[in-house]
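Everything on this sheet refers to the single structure shown next.
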Amino acid sequence: MASGEVLRYLGFLAGALTVGSFLPQVVRAWRTRQTRDLSLAMFALLVTSGALWALYGLMRHDWPVVITNAGMVALNGALVVAKLRYR
0 MASGEVLRYL GFLAGALTVG SFLPQVVRAW RTRQTRDLSL AMFALLVTSG ALWALYGLMR
60 HDWPVVITNA GMVALNGALV VAKLRYR
């Protein structure tokens, strides 16, 4: 396997693990409807940051960056919605 290919797969794997690390928090927030201890500001900043990183990845045609950060925007966005909904 070429070095570039290894890096690409490594990027996808790291991205999948990063996005997956937020999944338990999203599931818990929606199941329990308890979001009191979640920081709205932090998750709003993570949504903004993820959107900017996804845009950066699009401009560079760096698909691991795009896909990872699109997933982060979706999951962190779900936490923002849960936080606003279940105050």
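The sequence shown finishes on residue 86 if you use numbering that gives the first Met the number 0, and the numbering steps up by one all the way, no holes.
Virtual Cβ for every residue (Gly too), placed ideally from N, Cα, C.
Close Cβ partners of residue i (< 8 Å) along its chain, the five nearest in sequence each way excluded
i	result
L45	M71 and N75
P63	R7, G10, F11, A13, G14 and G56
Nearest to residue i (by Cα), restricted to the options the options
i	options	result
A69	L83, V79 and W52	W52
V79	R32, G14, L57 and L12	R32
Y85	L39, A50 and T67	L39
Per-residue burial, residue i [other beta carbons within 10 Å of its own, 16 or more giving buried]
i	result
T47	exposed
G49	buried
V5	exposed
Inter-residue spacing [alpha-carbon to alpha-carbon] between residue i and residue j
i	j	result
T34	S2	43 Å
A43	L54	17 Å
H60	T17	20 Å
M58	V65	9 Å
L37	L83	11 Å
Own chain residues within Cβ distance below 7 Å of residue i, not counting five before or after
i	result
A81	A28, W29 and T34
V25	L74, A77 and L78
L22	L74
G19	none
Alpha helix (DSSP H) runs contained entirely in the segment 28-75, provided each spans 4 or more residues: 39-59
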